[in-house]
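Have a look at the structure below, then the notes.
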Amino acid sequence: MNRTLVICKPDAVERGLVGEILGRFERKGLRVVAAELRTLGADLLARHYSEHVGKGFYDDLVAFMSRSPAMVAVVEGPTDTWRVVRTMMGATDPLKADPGTIRGDFGTEVTENLVHGSDSAESAQREVSLFFPDL
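Reminder that position 59 of the sequence shown reads as 64 in my numbering, one-by-one numbering, no gaps.
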């Protein structure tokens, strides 16, 4: 089985959408193998978003992702599970996301777009080990 990281971001938790989001993945046939509600700290976020450190939006991103708890989960499925998750999430900008996707159905703004999913098999492996080192 293939694994990827999913984060139901603070806005999803605040809006009560975690069950809906994870449920969509489960109804697709994917399996949640680990999940934890946690407030993400600046150090972990710096490692997770290392490619964005120093960019103009980085401080706002960290402030958003650490303002309240997020649901961090590992989802398992067939080859390229990360790609299945990304397709189900929809475009980063909810205004451009197709209806039927998570962001297309529930998102309202690009800066708070509900969910994160690993963007490649390599990223999935790195992110899963970062958030769930014992898995």
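Just so it is clear, CB atoms sit at the ideal spot from N, CA and C, and this is done for glycine as well.
Under 7 Å between C-beta atoms of residue i and residue j
| i | j | result |
| --- | --- | --- |
| A75 | V37 | no |
| V112 | D103 | At residue 112 the sequence reads Gly, which differs from the Val that was named. The answer is no: Cβ separation not under 7 Å. |
| V23 | A17 | yes |
| S71 | L45 | yes |
| S123 | E132 | yes |
Pairwise C-alpha distance: residue j and residue i
| i | j | result |
| --- | --- | --- |
| G82 | H121 | 17 Å |
| E114 | L140 | 33 Å |
| S55 | D48 | 10 Å |
| L135 | M93 | 23 Å |
| V80 | G61 | 31 Å |
| V89 | S125 | 11 Å |
Given residue i as reference, the closest of the options once Cα atoms are compared
| i | options | result |
| --- | --- | --- |
| M6 | D124, D85 and F30 | D85 |
| R43 | P138, Y63, V67 and P15 | P15 |
| K33 | F69, R91, F137 and H53 | R91 |
| E19 | R88, F69 and D98 | F69 |
Bounding residues of the beta strand (DSSP E) (the contiguous stretch that carries residue i)
| i | result |
| --- | --- |
| G122 | V120 to G122 |
| A75 | A75 to G82 |
N-terminal and C-terminal residue of the alpha helix (DSSP H) that residue i is part of
| i | result |
| --- | --- |
| R29 | V23 to K33 |
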